[in-house]
Each structure stands twice: as structure tokens, then as C-alpha cells.
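Per numbering that gives the first Met the number 0, residue 0 is the first one in the sequence shown, and the count goes up by one each step. Worksheet for the structure shown next.
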Amino acid sequence: MSDVLVLVGPGLAADEALLGEIAEREFAALGVRGVITHVRDAADVRARTRTRRGTSPEPDPVAALAGPPGQGSGPAPAGTSDQESEPARTGTAGEGLHVSAPAAEGGGLERRGARARATVIIPGPEEDIRRLMGESLGLVVWLDIWRADGIVVGEGAAHVHGRGLGGLAWAIRHAVHRLRHPYQRISYGPHHEQRADLYLPAEAREVPGEGAGAAVAPLPVGAVRVPVVVLVHGGYWRSVWAADLMDALCADLVERGFAVWNLEYRRPDLHGWEAATADVAAGLDALASAGAPLDLGRVAVVGHSAGGQLALRAAADGARVVLAVSLAGVLDLVEGDRRWLSAGAVAAALGTAATHMPDIAGGAPRAATLPGRGWWAGDGHEAARSVYDAASPMLRLPLGVRQLIVQGSGDDLDLLDFGRRYAKAAHDAGDNVKYLEMVGDHFAVITPDTPIWRATAQNITDALR
0 MSDVLVLVGP GLAADEALLG EIAEREFAAL GVRGVITHVR DAADVRARTR
50 TRRGTSPEPD PVAALAGPPG QGSGPAPAGT SDQESEPART GTAGEGLHVS
100 APAAEGGGLE RRGARARATV IIPGPEEDIR RLMGESLGLV VWLDIWRADG
150 IVVGEGAAHV HGRGLGGLAW AIRHAVHRLR HPYQRISYGP HHEQRADLYL
200 PAEAREVPGE GAGAAVAPLP VGAVRVPVVV LVHGGYWRSV WAADLMDALC
250 ADLVERGFAV WNLEYRRPDL HGWEAATADV AAGLDALASA GAPLDLGRVA
300 VVGHSAGGQL ALRAAADGAR VVLAVSLAGV LDLVEGDRRW LSAGAVAAAL
350 GTAATHMPDI AGGAPRAATL PGRGWWAGDG HEAARSVYDA ASPMLRLPLG
400 VRQLIVQGSG DDLDLLDFGR RYAKAAHDAG DNVKYLEMVG DHFAVITPDT
450 PIWRATAQNI TDALR
């Protein structure tokens, strides 16, 4: 049986050889076996992912992941056992393309003693999305190559949309990480994006918890609470990017002995700026009721790209953290808008532009003008002043929290500039700040096997222990 099955829906306008190349690279990098093949319609999808009934001493690992809504793992539904699909077709383009890579030694998707299975479905424009997602298909990563806002996914499923064909790579990674690493999904609000995935190191998983919204369970004698790393993903505040960006860091940090709180939040392109900032604050507060052995006196908030801005802003707003980390963060929002960063992402997120605002000489920190906000006075743009003054980390200095600013030297030159200037401004404002710049691009800082991430992880370890 393949570890990962990629089903390509009818009517998809994409080069099949390119799909195979993308998938094969991911299979090899992850050390899994995979197949990519075509399906005719919704019935064909169900046939290829159907559950076979019978008896087995082992719970079905895939069905378990499709368990209770709002939770990433749980007991298998009654009456289910091994799940396997029809054998995937192989042949010429248009009929099915088979690509595979041998599992690395000690790798593969092993869960509770059984070979686990992930399914990635790529629909074509002729597919009926709601009908396909109306039935539980075990673990499904649904990849749209067009925007499909408002589609509610089925149980045990993740929605990865709007990333083009590159989204196939992210979908495969997400499928594999979800199968390899146990977690609990916890809601901190009524919207489906107000959630976090809690990962615990092995020694902490034996401690009973009461689930989402409950008080922390009493610990056994001798039990030790573990430090926590809160991850805030980036993506220039756009809904096309989500918390799956941080999956690899979750696995790496858990292996280092940390609890990890991978935070999702409503993005401002669909919900407005206040929703995003309020969600990050609420998500951090929800740690106190996560029902796990967490040491709330040793919490670091780590944000990537736009998430770096959100992380440092949360620290400035008084979040209970001892360390705030920016990984390639967008730390100067005024200059970010003036330079039209990512095609106007800053103004689009905040709902107002900063291009009309006067210069801040030398990028002076907020501390220099905070008492009267003199440089804003009389400019006639009170709403913009208020939003940028609260949101931009550069204008919130000093934060009063220990900070680590991480920047790859091969990243966007504007982000490199922001990181260097912010670190200097924070130091001049009296903050305890360390600047770490090493070789790497924008994603090297969230890739576990890179030197820049290993150095970052060591700094987080030193700060929390």
C-alpha cells in the first residue's frame, strides 16, 4: 500500500508530468511511497478511499484521524478496520501517472503499529466540491488551484487553497506530518479558524487532560510541566496561507522537548485587521485552559514573516511570554507599505495606507515620539496613525520583552533591511534583543534541517531553559 495517494479530479487543467515531478520530489524528501492517479467522478473518489469492514486487533490509523470534529486524533469509529483503496492505476498520461520513492530507513508513516495512509485530492473545475467533501474520507488534504472561499471541509480534512500547483507540495507535506505526529486540535472561538493544534513531547502525553476549554488537569506526583513555543504563521496576512506552513517546526520543537501551540487565526483579507490581532491574543490566552502540563511561565511566541509582526505586536500588547521571536518578520509596517511590499500587502491587511505619512528620520523607534506622537500631529490622518502606531513593531518599542530577530541573508532585501534596523532600534530603546543573520532565504528560517533554524532553536532552548 502507498503511504500517500494523490487523486487528480477530472477536468483539471494542469500538465500531468509536472504534477508527477512535484509529487515525486516531496515523496523523496519525506521518505514515503506515493502514487498520483486520476479519478473519474465523486463515486470514483469514494471507491478509492472506502473503508473495508472486518476485524483487526489494530485500530485503523486513518479512520482514527477522521474522528471527532475539532480534534486531530481519536478512537476509530466502531466497525472499521484496515482502510485501503482500490489499487491505483498506472499507465500513460490521461490514465494515471505513478510516481514513488522508497521510504527512508526508519521512516514511512507508522502509527500505532500499522501502516498509515494519507489521501490528497486535487479537484478539477468540473468537480462538485460540496458533494465530494460531504462524506468522511479519512485524512484528506483538499487542494484547490482556484479560490474557493466559504467551502466547509469535512471531518479530518484540511483546506489548502489558492497556492497554485505549488500547493500540491504543501498538501503532501501536511498529509504526512498529520499522520506522523500526534496532536490535539483545540478551539478558542466559534469560527473554524479560531483554533490551535497542541503537540506534546512524549513524556507529557501520559498526563491526563480534560480537553478544550477545561482547566489544566492535576499532575501526577513528580510530573514536570513543559515549556511552550507558540507558532504564528505568515503569508502576508492572506487566507491563502495557513498554519500548515509551520508543521515541520512543530515536529522539530516537540523532539526538542517543547510543547507546541500551532496557532491559526482569521486573516484580515476575509475578516478584517481587528479579527486577526484579536485572535492571536485570544489564542495565546487559551493556553491557560488547554488541559495539558504546560509551564505558562516559560512561553515563547515565534512568528514567521507576517506572523513575526503579529508575534511581536502580541508581546507589546502584554502577552504572557518570556521571549518573542521574529523569523523573517515584517517589522516596519510604515516602510513596508511605502515600498509596496508584496504588492501592497500591508495596506490591504491594515485597511489603510501609510504612503501619505511623514518620514520617521532614521527609522526612529516609537519611544522617541511616544508621549505626544509628535510626528503624527496635524497630519489629518488619525485613523491611519492609530492603526500603524499600534500594529508596527518598529513603533511599539520598547517592547519590554526579550527578543530574538532572525533573518536570512538571502531573503527579500526589504525584510533584511527591516530586521537589521529593527534590532538596532530595539537595542537603542533599551530592549534585550539579539539579532541572528545567517545564510538562507525566506523559508530557510522555518526549515528544520537548515543551519539558521538550528541556531534559532538553540537560542529558544537557551531562553526557555
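Every residue, glycine too, gets a C-beta built ideally from N, C-alpha and C.
Looking at the unbroken beta strand (DSSP E) that takes in residue i, where does it start and where does it end?
i	result
Pro226	225-231
Gln470	Here the chain comprises residues numbered 0 to 464, so residue 470 is not present and cannot be evaluated.
His37	33-37
Thr276	Unbroken run through Thr276 is the alpha helix (DSSP H), 272-284; no beta strand (DSSP E).
Ala318	Where Ala318 is concerned, there is no enclosing beta strand (DSSP E), given that its DSSP letter is neither H nor E.
Trp260	258-262
Ile445	Neither: Ile445 is in no beta strand (DSSP E) and is coded neither H nor E.
Roughly how many angstroms separate the alpha carbons of residue i and residue j, rounded to a whole number?
i	j	result
Val321	Gly343	33 Å
Val253	Leu230	12 Å
Ser186	Ala195	6 Å
Gly233	Arg204	28 Å
His173	Arg237	19 Å
Leu18	Ile35	8 Å
Asp316	Arg177	32 Å
Leu167	Asp284	34 Å
Ser288	Leu311	23 Å
Val351	Asp336	Sequence check: residue 351 is Thr here, not Val. Between Thr351 and Asp336, the C-alpha separation is close to 9 Å.
Asn431	Arg401	5 Å
Asp251	Arg32	22 Å
Leu394	Val301	19 Å
Gly165	Gly429	42 Å
Val5	His37	8 Å
Trp240	Arg184	18 Å
Val7	His180	26 Å
Gln457	Ala42	50 Å
Ala313	Gly399	12 Å
Ser454	Arg384	Correcting the residue identity first, residue 454 is Ala in this sequence and not Ser. Roughly 37 Å separates the two Cα atoms.
Val228	Gly161	28 Å
Leu293	Met245	20 Å
Ile459	Phe257	10 Å
Arg24	Asp14	16 Å
Pro122	Phe26	20 Å
Arg420	His426	10 Å
Arg464	Arg255	12 Å
Lys433	Ile21	38 Å
For residue i, count neighbouring Cβ atoms within 10 angstroms of its own Cβ and tell me buried if that reaches 16, exposed if not.
i	result
Glu273	exposed
Ser325	buried
Arg47	buried
Leu269	exposed
Ala12	exposed
Ala422	buried
Asp2	buried
Ala16	exposed
Arg266	buried
Ala353	buried
Glu202	exposed
Ala305	buried
Asp448	exposed
Val223	exposed
Asp243	buried
Ala323	buried
Ala390	buried
Glu381	exposed
Arg297	buried
Gly10	exposed
I think residue i touches residue j, with their Cβ atoms under 8 Å apart; what is that distance to the nearest whole Å?
i	j	result
His441	Asp416	Contact doesn't hold; Cβ gap of about 14 Å is too wide.
Thr446	Ala299	19 Å between Cβ atoms; not a contact.
Leu262	Val279	7 Å
Val225	Pro200	6 Å
Gln308	Pro189	The pair is not a contact, with the Cβ atoms about 25 Å apart (cut-off 8 Å).
Ile451	Ala462	Contact doesn't hold; Cβ gap of about 17 Å is too wide.
Tyr387	Leu349	7 Å
Leu340	Asp413	6 Å
What span of residues does the alpha helix (DSSP H) with residue i cover, start to end?
i	result
Thr455	450-463
Tyr387	381-390
Gln308	305-315
Tyr421	412-427
Asp336	332-337
Glu23	15-29
Asp246	246-254
Leu349	344-349
Glu436	Where Glu436 is concerned, there is no enclosing alpha helix (DSSP H), although the beta strand (DSSP E) it sits in stretches over 432-437.
Ala203	201-204
Arg172	165-179
At a cut-off of 7 Å, would you count residue i as near the ligand COA, judging by its Cβ distance to the nearest heavy atom?
i	result
Tyr387	The model depicted lacks the ligand COA and carries no ligand whatsoever.
Any C-beta of chain D sitting closer than 8 Å to the C-beta of residue i?
i	result
Thr449	No chain D is present in this structure, which holds just one protein chain.
The region 392-409 touching the region 428-448, judged by at least three CB pairs closer than 8 Å: yes
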